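Data first, discussion second: the structure below is written as structure tokens.
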Amino acid sequence: MLLDILTVPDQRLKQISESVEIFDKELAEFLKDLERTMRAGPGGVGIAAVQVARLQRIVIVDVSVKQNIKHHGRMVLINPQITQSQGKAKGREGCLSVPDYTGNVIRAKRIQLSAFDVKGNKQVFECEGYEARAVQHEIDHLDGILFLDRLVSRRNDLYPRESQSG
Ligand code: ZN
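When you read off a place in the sequence shown, starting at 1, and then add 636, the result is the number in the working numbering.
In structure tokens form, the structure reads like this:
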């Protein structure tokens, strides 16, 4: 099932999501729908549960469609926590909840994080480059932060999205 995506200025996108406590079948079913919804969207390389109005600390990232980058494939990150970050880089970001714009944001180049999988097993990841950027973007959603809140400058670093952008 495809889920409806909240878009700005929906105030739910500004709220802080709660930790997941119960890892059950319903969660697994929700994750399937969340992933389908992510993949159906333009440039869908990541999604957070709050974007479909479920205010829980759940993220999916999969940047494997991008060529020539390091990645982990599909990552389900529940209650994710960034434990280390290194470096800074500016790069362009888009968001399913901000359909009309992309923008430049500074993010750490490399991160280490821990998160639980769908069964509640704790996992540790090291990410870099575009994948690290996507993970940081999605974890921001869990704290009510959009890339619009982190633009390098509002005047020079916000771009209208082309209508055919994929
Ligand atoms: Zn987003």
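Ideal placement from N, C-alpha and C gives every residue a C-beta, glycine not left out. Here the structure is a predicted model, which means the values were calculated and not measured.
Beta-carbon proximity list for residue i, same chain, < 6 Å, skipping 5 on both sides
i    : result
N704 : none
M674 : G680, I683 and I696
D669 : M637 and L639
Q800 : Low confidence applies to Q800: its pLDDT is 46, below 50, so where it sits in the model is not reliable enough to give any reading.
Beta-carbon contacts of residue i that lie in its chain and below 8 Å, excluding the five residues immediately before and after
i    : result
G802 : Its pLDDT being 43, under 50, G802 is placed unreliably in this model, and the value from its coordinates should be taken loosely. So the qualifying residues of the chain are P678 and G679.
L803 : Because residue 803 is not part of the residues shown, which for the chain are 637 to 802, the question remains open.
Residue environment, residue i, which counts as buried when at least 16 other CB atoms sit within 10 Å
i    : result
T719 : exposed
M711 : buried
D785 : exposed
G730 : buried
R791 : exposed
G709 : exposed
I658 : exposed
A664 : exposed
Q692 : buried
Contact belief for residue i with residue j at Cβ below 8 Å, rounded distance in angstroms
i    : j    : result
I694 : V656 : 6 Å
V701 : E767 : With a Cβ gap of about 12 Å, V701 and E767 do not count as contacting.
P796 : D736 : 6 Å
R648 : V686 : 6 Å
G739 : L787 : 5 Å
Contact with chain C by residue i, beta-carbon distance below 8 Å
i    : result
V697 : This model lacks chain C altogether, as it is built from one protein chain only.
Inset, instruction - Evaluate contact between the region 711 to 731 and the region 772 to 784, counting only Cβ atoms and requiring at least three cross-stretch pairs below 8 Å. - result: Contact holds: three or more Cβ-Cβ distances are below 8 Å.
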